[in-house]
Every structure is written in structure tokens, then in C-alpha cells.
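Right, one structure below, let's go through it.
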Ligand SMILES: Cc1cc2nc3c(=O)[nH]c(=O)nc-3n(C[C@H](O)[C@H](O)[C@H](O)COP(=O)(O)OP(=O)(O)OC[C@H]3O[C@@H](n4cnc5c(N)ncnc54)[C@H](O)[C@@H]3O)c2cc1C
């Protein structure tokens, strides 16, 4: 049975109007935040409960039809890119916060809950949800879990993986299982660790238990303007080297500042070759002391202007430029690639110089916006698709930046995931044996390779991961070398 014929099977399982087959409506879901890749799904479903998701997945498993989970579709690696012959399972009707357990500092949420919504609901109780991707106004907690999302404040508080303590999960054979709980740890293999960051390839999270973080007593934010990224980088090294762990340290270079000014008029100091936003939070006395140190480090590294946010409004203005930076680049270039890689923090100045050299050699402009504190780069590679050859040059430059990250001991993704876009880079970082071992984990969860196939792994590999419908059993199982149970 193909996915379209599956519609008749799914309609009685789902609420009225929750199965979409109309081609025009299906096209609404053809891409995520990475619009270069577009695939119209065969079918879209909008479940409202775990049981409905499990029933849809069981039907897919029975007929070997691929499925893809989708949260808010803000992913930047093509992770929620649909499968042309598959079912797209969309979480937008599962947006309930099921429980806020203040005493245990936990919340239990449905996967479609919007990241910022959780902080807004818990704020009056003196708590918030710490991982804060710049897309937090729209991205879902389920998508965050699947991508192990980071954000500006993850320098101090850690990525999503440190904030998820339990998950209710539908496996790719349609079983509902619970892994972890409200408790901080569980014995046995760290399956929760395997699921967080698995990009929808191990199944679907249907209920997520997360840690809530106490709202800090004090927050102080400064914006430092530097002649260039080298000087700003020196300030970052001095701050971290002194043992100060700010909540966030973000850097933007001149081109990124130009874009942000054009888009949101953030009024950063004129003539800055780089700006740093440094935010400290915690007990008031500690913040005050460390804030003085940070200001001194910035001055010593050559900051020509330091602004201190006097209130929440001014703080929001500092952040407005940074948080709008990706979209803002649209003001200075018709097309651009948002790259995402990570390097050891100490390599920042050298890698930025090499990126600048690559940009000059290839005649491709690159704007840099990044989480400087943890070495997570977001080079924005600008091009004009209407000019023949520019898109290819931009793509090559973007790939060369990823090679740089690997050369300096970093990784091909800092937080946006591998998805469809970066599967081709996986062999640059991992050998065949590594990739095969990862496939064994995947196949233990997904014997038919139907859960988000075509993502993360580069070529048709072990799980029968081929374009189109997947059939057959994993070759290692067939050869008697691995067992599924
Ligand atoms: C302007 C902008 C800024 C961004 N800034 C950041 C940032 O600072 N940090 C960062 O980490 N990311 C950032 N992102 C990327 C993106 O927002 C994150 O990856 C986010 O976690 C995706 O959430 P989503 O709900 O949109 O997921 P989607 O894009 O819908 O899906 C992402 C992946 O998760 C899977 N998935 C979704 N829901 C589930 C589920 N319930 N169970 C299992 N798998 C599921 C999908 O199959 C897909 O593989 C940014 C994106 C944009 C557009």
C-alpha cells in the first residue's frame, strides 16, 4: 500500500480534517527553514494524541511507508523535509503544557509546545525554560529535543540534552514507551541521550519532561564595540580564561551588524568591526563583581565603546539585533546560506581569519554571527542566485568552512543538526565503521528504516536507506550478525 492509499486507513483513526491529501495544502509543508530543499509529502496528518500518533506509525510500519515528524518547521538542516512517498506527522495540534511541577522544577509538555510559551507560563512562578534558540518564539520543544537545540544562554546552562529528563516516545514500530522520568537519572543505557538529538530518526517524542530553571536574581548585559573580530575574540578569551561563565557571549562582525541595522535599526555603535553582547546572571552581588571584570577585559582588549543596558527595554534592543541577524541578512543579499559549525573556542581568531581569506579568494561575502562563548559559528554565506555560478561558489565556500571546523578539531554542526543538508559531510568526520555503528543503533529502534529516512546518513547505507519506499530487513540482521528484539 502506498502513502496515499493509507489515507483511507488513517481517516477513521484521526479527528475530522486531520488527514490532508489535497496537493495545494500538502505543498504548505514542502520544506522547513532551509527552503533550498523542497519535497511535497504524499500525505500530512495532524494528530492530537499519543494514541493517534502510535496508530499512524503502526499503519506506516505495517505497510512499510516512511514517516517524518514535524514540529514548527523552523529547522535549518532540512530535518523535517518530507518524504515524497511518506506521511508527514505534524505536531501543531499538540501544544498543551500538561503539568508544571514547581516543587520538582519540572514541566511535562506535549511536543508541539512552543519554546517561549513554556517560559511565559512558568515565569510568574519564578522559573523559566533555559535553552533559548533564536527561533524560540516559534520552534517547538519536540523539534528542540530532536535537534538538541542550543541558544545564546546555553553557554552557561547547557544544550537541550541537559534539560530533558524524560520522554514518552512512539517507536517506529508504533509502540508507546517511556524513557526517563522526573528523576534526574536512570540506571542502564542512556537511551534518553540517544533520543535527544536523533533528528526524528529513532521515533516520535509525544510527551517531554523538562527541567525548569530558577529565574536569576539579577541580570546585567553589556554591548562592547571593537575595531574587529580579533580584538573582540581577545576579550572573549580573557573573560572565559578568568573563570567567569557569562550566561551568554555573542559576537557579530561588520557585515552582520550592517544587515541587522538595515532590518531592525538596533543602533549599535557606528564604525564597529565587531560587537560583543555579554550577559551575566545570578546572585546580584556576584553579577555586579563579575560585570566589572568583564567591562575591564573588554576595555583591555580594545573596546572603543561599552554600553550597559539600564533596563529590560534596552537589553531587548541589544538582543534585537542579534536575534534578528539570520533573517536580517536578507536585507543585504537576495540569497544566503546559514552555515553552522563548531570549533574549540581558542581557535576562534584563527578560524575567523581563514574564513575571511576564503571569502576574499572566492569573491563570496560571508557575515559572521555566533555564540562566541562556546565556539559555535554561524557564517552566513551571501550570494545572488540570479547570477550564474554564484550559488555554486557560495555552496563551495560553505563546505570549505565546514572543512575548517573539522581541521580545527570541531564539528560539522553546532546546533542545527545534520538533516538532509549535511549528510554529505558526515564521511568527512566519521569513518565507515563509525557510520555503520550508528546505523546499528538506528536499526535497533527502526528495523524497517521508515522513521525520517534519508536524513543524517550520507548514501544508501545499511538500513536499506534508499530513495523511495523502504523494503526488506537490515542486512546485518539478515546475515545473522545483529538481532532485533
Ligand atoms: C531564525 C532562526 C534562528 C534559529 N536559531 C537557532 C538557535 O539559536 N539554536 C538552535 O539550536 N537552532 C536554531 N534554529 C533552528 C531551529 O529553530 C531548531 O533546530 C529547532 O529546534 C527546530 O524546532 P522545530 O519545532 O521547528 O522543528 P522542525 O524543524 O519541525 O523539525 C526539526 C527536526 O526535529 C524532528 N522532530 C520534530 N518534532 C519531533 C518530535 N516530536 N519527535 C521526534 N522528532 C521530531 C523533525 O523530524 C526534524 O528532524 C533557528 C532557526 C531559525 C529559522
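In our numbering, the protein residues as written are 642 to 1126.
All C-beta atoms in this analysis are idealised placements derived from N, C-alpha and C, irrespective of residue type, glycine included.
Under DSSP, the alpha helix (DSSP H) around residue 872 begins and ends at which residues?
870-882
Please look up how many angstroms separate the CB atoms of residue 847 and residue 800, rounded, as I've assumed it's under 8 Å.
Not quite, the Cβ-Cβ distance comes to about 21 Å (not below 8 Å), so this is no contact.
Please report the straight-line C-alpha distance between residue 664 and residue 645, rounded to a whole angstrom.
11 Å
Distance between residue 941 and residue 808 (C-alpha atoms, nearest Å):
47 Å
Using the C-alpha atoms, what's the distance from residue 701 back to residue 684?
11 Å
Using DSSP with H/G/I as helix, E/B as strand and the rest coil, what is residue 798?
helix
Going by Cα to Cα distance, which pick from 754, 703, 722 is closest to residue 816?
703
Cα-Cα separation between residue 1104 and residue 728, rounded to whole angstroms
Legend: pLDDT at residue 1104 = 46, less than 50; position of this residue unreliable, value from coordinates given subsequently. Taking the straight line joining both Cα atoms gives about 19 Å.
Just to check, is the beta-carbon of residue 1093 closer than 7 Å to a non-hydrogen atom of ligand 1?
yes
Count the other CB atoms, across all protein chains shown, that sit within 10 Å of the CB of residue 766; report buried if there are 16 or more and exposed otherwise.
exposed
DSSP-derived helix/strand/coil call for residue 1092:
strand
When you compare only the Cα positions, how much space is there between residue 1001 and residue 1027?
21 Å
What is the DSSP secondary structure of residue 1105, counted as helix, strand or coil?
Note that residue 1105 has pLDDT 42, beneath the 50 cutoff, so the model's placement of it is unreliable and the number below is only indicative. Residue 1105 falls in the coil class under three-state DSSP.
By a C-beta neighbour count over all protein chains shown, 10 Å radius and 16 as the cutoff for buried, is residue 739 buried or exposed?
exposed
First and last residue of the uninterrupted beta strand (DSSP E) at residue 892:
889-894
With three or more C-beta pairs closer than 8 Å as the rule, is the stretch 911-922 touching the stretch 828-843?
no
Determine whether the Cβ of residue 1080 lies closer than 8 Å to any Cβ atom of chain C.
Among the chains in the structure shown there is no chain C, since it carries only a single protein chain.
Taking 8 Å as the limit between beta carbons, can you name the residues of its chain near residue 1042, skipping five residues before and five after?
980, 982, 996, 999, 1007, 1018, 1020, 1022
Cβ-heavy atom distance between residue 738 and ligand 1 below 7 Å?
no
Mind checking which residues open and close the alpha helix (DSSP H) that includes residue 987?
Careful: residue 987 lies outside any alpha helix (DSSP H) and carries neither H nor E.
When 757, 1061, 1010 are compared against residue 897, the one with the closest alpha-carbon
1010
Measuring CA to CA, which of 778, 796, 804, 779 is closest to residue 789?
804
Taking only three categories from DSSP, how would you classify residue 863?
strand
Mind checking residue 1078: buried by the 16 CB within 10 Å criterion, or exposed?
exposed
If contact is defined by three or more beta carbon pairs under 8 Å, each pair taking one atom from either stretch, is the stretch 885-904 in contact with the stretch 965-976?
yes
What do you get for residue 668, buried or exposed, if any count of 16 or more other CB atoms within 10 angstroms of its CB means buried?
exposed
By a C-beta neighbour count over all protein chains shown, 10 Å radius and 16 as the cutoff for buried, is residue 953 buried or exposed?
exposed
Validate contact between the stretch 943-952 and the stretch 853-865 using beta carbons, cut 8 Å, 3 pairs
yes
Which residue spans inside the stretch 926-998 form an unbroken beta strand (DSSP E) run of at least 3?
946-949, 976-979
What residue does the beta strand (DSSP E) around residue 689 start on, and which one ends it?
Looking at the DSSP string, residue 689 is not in any beta strand (DSSP E), and its letter there is neither H nor E.
Compare the C-alpha of residue 892 against each of 823, 930, 1016, 931 and name the closest.
1016
Helix, strand or coil at residue 782 according to DSSP, with G and I counted as helix:
helix
Pairwise C-alpha distance: residue 787 and residue 986
25 Å
Quick one: grab the DSSP three-state call for residue 842.
coil
Cα-Cα separation, residue 880 to residue 772:
22 Å
If you reduce the DSSP assignment to three classes, tell me which class residue 812 lands in.
coil
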